[in-house]
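So in the numbering used here, spot 78 of the sequence shown is number 250, and the numbers just go up one at a time.
Where is the CB? At the ideal position from N, CA and C, for every residue including glycine.
Since we're looking at a predicted model, the values are computed, not measured.
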Amino acid sequence: MVVMKRVIFLSLFTINFCFANVLSYINSIRKDCGANSLKYSKTLSYAAKKHAIYLTTNHEFGHSESKYKINYFGSMPWNRIANAGFGSKAVVENISFGEKNYKASVDKIMATVYHRLAFLNIKVDSLGFNKYDGIYVYDMGNSKISSLCKQSFPFGSLVIQHLCKDREKNLPLKLFKYTLDLTKSHSDKIIIYPYNKQKNVAISLANERPKFTYAKGCGLPISVSFNNYYYKSITIKKFELKFGSRVVPSKIVTFRNDRAKKIKKGNFILLPLHKLKYKTKYIVILNFIANGKLRKISWSFRTR
Numbered sequence: 173m174v175v176m177k178r179v180i181f182l183s184l185f186t187i188n189f190c191f192a193n194v195l196s197y198i199n200s201i202r203k204d205c206g207a208n209s210l211k212y213s214k215t216l217s218y219a220a221k222k223h224a225i226y227l228t229t230n231h232e233f234g235h236s237e238s239k240y241k242i243n244y245f246g247s248m249p250w251n252r253i254a255n256a257g258f259g260s261k262a263v264v265e266n267i268s269f270g271e272k273n274y275k276a277s278v279d280k281i282m283a284t285v286y287h288r289l290a291f292l293n294i295k296v297d298s299l300g301f302n303k304y305d306g307i308y309v310y311d312m313g314n315s316k317i318s319s320l321c322k323q324s325f326p327f328g329s330l331v332i333q334h335l336c337k338d339r340e341k342n343l344p345l346k347l348f349k350y351t352l353d354l355t356k357s358h359s360d361k362i363i364i365y366p367y368n369k370q371k372n373v374a375i376s377l378a379n380e381r382p383k384f385t386y387a388k389g390c391g392l393p394i395s396v397s398f399n400n401y402y403y404k405s406i407t408i409k410k411f412e413l414k415f416g417s418r419v420v421p422s423k424i425v426t427f428r429n430d431r432a433k434k435i436k437k438g439n440f441i442l443l444p445l446h447k448l449k450y451k452t453k454y455i456v457i458l459n460f461i462a463n464g465k466l467r468k469i470s471w472s473f474r475t476r
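The following block contains the structure:
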């Protein structure tokens, strides 16, 4: 019996150590990019685990579940986190499959566009994740909003509806906005990827669903997200990628011309039309007008 207790303790320690490493890795990327750090959520991790099990046992891949299939836990991510016990139904979910470990999973997601922006979301403060038989699921939410959903408020004229686990509960609009602003205030004014002086950067865009582009052989996209806690209006004047004195042929994608309509206002993507070169230093140049003032910034990164 003593031996069994030691084995169980070692197993639990290994799992917790693994979770700490994953959280640390994701937070290190977010910090270098300019986003706030996330705290681990056992509740969100449970929802992630249940979905990973559902996908594996039903040989599916996606964010939805069918109640007629085995291991059903909730039709959509917001249903699942509510069923797991999270107070709010506001959630950001990422999924990948087939990678050898969490680091490879995260790195692959960061080479996409839509799922990268999800990992760099500045409205969230909590992260849950789990792996089951090669499928990785990451759920992100705002614990402060979740806590608000568990409180009672007097009736008011302006409220947010259908955000809480309890559909009958409404949140005062001002308090909701204040809470989100508080979360966003912990991030930098601009969130970028690849980040400044980053090394071993991927050279090409990874596949994701929905597809960011049907063009083949595109380079790794550069993403810039403006924190609307600080900036209310943004106009891009120049956004280009260079190596040496050469400008890389690229296309700028925003919420206006995003084919899948997944990019939100304030996010700008620079898509190189060809794969980047290996072991090469690239420089990003960004000139923009923010709150009526012209600003110029640049940063560099190096490919693998």
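DSSP-derived helix/strand/coil call for residue i
i, result
"R431", "coil"
"K275", "helix"
"G199", "First, the residue type needs correcting, since residue 199 is Asn and not Gly in the sequence shown. Helix."
"C205", "helix"
"L210", "coil"
"V420", "coil"
"L320", "helix"
"P249", "helix"
"V256", "It is Ala, not Val, that sits at residue 256 in the sequence shown. DSSP places A256 in helix when its eight states are reduced to three."
"N439", "strand"
"L354", "helix"
"K349", "helix"
"F398", "strand"
"I364", "strand"
Beta-ladder partner(s) of residue i, from DSSP
i, result
"M312", "V264, L299"
"T475", "V373"
"Y226", "Partner(s): none; Y226 has no beta bridge."
"L289", "In DSSP, L289 forms no bridge with anything."
"Y121", "No answer is possible for residue 121: the residues shown for the chain start at 173 and end at 476."
"E412", "I457"
"A462", "I406, K465"
Cβ pair residue i, residue j closer than 7 Å
i, j, result
"Y286", "E380", "yes"
"F415", "T355", "no"
"S472", "I461", "no"
"A207", "I294", "yes"
"G313", "V278", "no"
"V296", "A224", "no"
"K361", "N399", "yes"
"G389", "L448", "no"
"G469", "P393", "The identity of residue 469 in the sequence shown is Ile, whereas the question assumes Gly. The answer is no: Cβ separation not under 7 Å."
"I363", "C205", "yes"
Distance between beta carbons of residue j and residue i, contact taken as under 8 Å
i, j, result
"L292", "S397", "6 Å"
"L216", "L299", "7 Å"
"L445", "K423", "6 Å"
is_contact[residue i, chain C] using C-beta, thresh 7 Å
i, result
"Y218", "The structure shown has no chain C; it contains just one protein chain."
- request: Determine, using beta-carbon pairs with one atom in the stretch 278-297 and one in the stretch 355-373, whether at least three such pairs fall under 8 Å.
  value: yes
message: Tell me whether the stretch 263-272 and the stretch 222-241 touch, counting them as touching only if at least three CB pairs, one residue from each stretch, are closer than 8 Å.
response: yes
- request: Flag this pair as touching only if the stretch 334-350 and the stretch 254-263 have three or more C-beta atom pairs under 8 Å; answer yes or no.
  value: yes
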